[in-house]
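Right, one structure below, let's go through it.
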Amino acid sequence: MQPPSSTADLAGRGSWESMPAAQQPEWRDHAAYDKTCQRLSSAPPLVSAAEIKCLRWSLTRLIAADALLLQAGDCAESFYECTGPHIEEKLRLIDRLGDRLSDLTGQSVIRVGRMGGQFAKPRSQAVERRGEMSVPSFRGHMVNSEIPAPAARRADPRRMSWAYEASDRVQRAMRAHRQERCHAPGAEGPWSSHEALIIDYETSLTRRDPDTRELYLTSTHLPWVGERTRHVDGAHVALLASVANPIGCKIGPTATPDDVLALCEALNPRREFGRLVLIPRMGRETIREALPPIVRRVANAGHPVIWLSDPMHGNTTLSRQAGLKTRHLIDVITEALRFRDILEEHRQYAAGLHIEVAAADVTECVGGPVKSEDDLLRHYSSLCDPRLNADQAIELIEAWAKGVASRRDSDDQPERR
Ligand code: PEP
Ligand code: CO
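Next up, the structure:
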């Protein structure tokens with residue numbers, strides 16, 4: 061896409077800007093706010109409409125159960141890891157996981173990184189306690205610093221520009237990688253994705269395609285709306301409803317069938333194939349009761365959604381000794397397999413996995429090489445949620461790939477090790 065040529069082509073001022081937006085930084089009175097938004101509004105798009113259309117076309121294959129989708133990466137990207145070697149390491153990891161899934165299933169795997177813009181985090185608590193002190197929560201490098209000091213935690217709109225620059229480096233590397241790997245069998249992508257959380261940033265990066273006049277979010281290929289901002293009358297849903305990208309929506313344990321149907325109607329009113337990815341993240345126990353009525357409602361209404369399992373975010377616990385956020389691989393695997401079974405029982409297609417996984421050999425989740433919670437402190441470096449390491453992610457992918465056959469042979473659920 062060409063950079064916008066006139067102000068009429070700049071960011072599409074949309075209906076969502078007057079709607080309530082949860083989880084936004086308070087930074088409008090900062091001296092750099094206006095200038096930063098203006099600069100981003102006239103900056104070149106980070107991804108092109110042609111690329112976005114290409115991903116949308118690929119995703120239509122999932123409706124025909126003809127490929128798998130693997131969305132993987134950090135919970136929160138770091139500005140400090142947007143250098144060549146770090147990006148290459150992450151892309152190698154995505155290749156490795158996608159290739160393994162493809163080898164085991166014989167299916168083509170569309171790869172999507174949680175990268176190239178995953179710099180903003182919704183938080184359940186506005187503040188966090190640090191000993192005697194309480195500081196504003198870390199909200200991702202697009203908003204504030206992870207350093208737990210009041211000044212560092214102040215929201216700074218200039219960080220949107222830094223996020224743009226960092227994303228640009230990642231997007232260029234991903235583009236080169238797609239070109240290098242475009243003839244690899246069973247591989248499509250890697251495309252970029254992130255949670256479209258910060259309305260100021262995302263609005264500034266909407267662009268109209270001069271040919272079709274459609275609005276695109278050019279910050280990423282596949283934006284998603286998170287569990288904390290998926291209000292059907294809120295700004296985040298309205299923003300994603302307005303753009304032509306393929307979009308995702310997280311579905312947490314309290315979502316009702318009515319809520320989810322309303323989201324489908326809002327986000328994909330024309331019921332287009334390859335448009336909407338629904339991402340349940342319910343927890344290994346809750347999914348059994350909560351997901352089936354939702355799947356029935358969506359299927360009965362005839363909505364062509366792509367069902368993707370996030371088996372991570374409903375299974376977060378605190379470690380007993382150190383109080384570290386962690387996840388047990390067995391819970392993650394159990395939820396993923398239950399998701400797959402529920403979809404199949406309803407004759408719907410389980411399209412794949414959305415996972416948090418680190419390129420470095422971290423010890424943030426328990427399972428596989430991380431034998432117990434005592435091992436967590438060895439290499440715990442996540443900026444936000446605990447990520448699988450590569451070996452743990454491979455174990456999950458192998459369980460997913462073998463899941464149906466082995467679970468048909470025996471009804472046993474895996475036990476907590
Ligand atoms: C996430 O994906 O990191 C996240 C915050 O997820 P959710 O919106 O599902 O809680
Ligand atoms: Co997360």
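Using this note's numbering, you'd call the opening residue of the sequence shown number 61 and step up by one each time. Every residue, glycine too, gets a C-beta built ideally from N, C-alpha and C. The model shown is predicted, which means the values in this text are computed figures rather than measured ones.
Can you tell me whether residue i sits near the ligand PEP, meaning its C-beta is under 7 Å from at least one heavy atom of the ligand?
i      : result
GLY286 : yes
GLY166 : no
GLY312 : yes
GLU255 : yes
So does residue i have its beta carbon nearer than 7 Å to some heavy atom of the ligand CO?
i      : result
GLU86  : no
LEU242 : According to the sequence displayed, residue 242 carries Cys and not Leu. Every heavy atom of the ligand CO is 7 Å or more from the Cβ of CYS242, so no.
GLU416 : yes
HIS373 : yes
ASP94  : no
ASP401 : no
ASP391 : no
ASP319 : no
ASP445 : yes
Under 7 Å Cβ to Cβ from residue i, same chain only, skipping five residues before and after it: list those, please.
i      : result
LEU300 : ALA256, PRO283, VAL285, ILE307 and LEU327
VAL303 : THR266, LEU275, TYR276 and LEU277
GLY294 : MET79, PRO80, ALA81 and ALA82
Helix or strand or just coil, what does DSSP make of residue i?
i      : result
ARG308 : According to the sequence shown, residue 308 is Gly rather than Arg. GLY308: strand per DSSP, three-state reduction.
ARG273 : coil
VAL358 : helix
LEU257 : coil
HIS296 : helix
HIS237 : helix
TRP87  : coil
PRO105 : coil
THR266 : strand
TRP460 : helix
GLU248 : strand
THR278 : coil
Taking 8 Å as the limit between beta carbons, can you name the residues of its chain near residue i, skipping five residues before and five after?
i      : result
ASN204 : PRO85, PRO196, PHE198, ALA212, ARG213, ARG214, ALA215, ASP216 and ARG219
Could you spell out the range, first to last residue, of the alpha helix (DSSP H) harbouring residue i?
i      : result
GLY173 : From DSSP, GLY173 is part of no alpha helix (DSSP H) but of the beta strand (DSSP E) over 169-174.
GLN381 : That residue, GLN381, is in no alpha helix (DSSP H); it is neither H nor E in DSSP.
GLN131 : Looking at the DSSP string, GLN131 is not in any alpha helix (DSSP H); the run it does join, the beta strand (DSSP E), is 128-133.
Report buried or exposed for residue i, applying the criterion of at least 16 other Cβ atoms within 10 angstroms of its Cβ.
i      : result
ARG232 : exposed
LEU437 : exposed
GLN452 : buried
ASP495 : With the chain covering only 61 through 477, there is no way to say anything about residue 495.
MET193 : exposed
Could you tell me the boundaries of the beta strand (DSSP E) in which residue i lies?
i      : result
TRP76  : That residue, TRP76, is in no beta strand (DSSP E); it is neither H nor E in DSSP.
ALA411 : 410-416
VAL285 : 282-285
GLU188 : 187-190
Excluding the 5 residues flanking residue i on each side, which residues of the same chain have their C-beta closer than 6 Å to its C-beta?
i      : result
ALA315 : none
ALA459 : ILE393
ALA223 : PHE179 and MET202
ARG189 : none
Is the CB of residue i under 8 Å away from at least one CB in chain B?
i      : result
ARG387 : In the displayed structure, chain B is absent; only one protein chain is listed.
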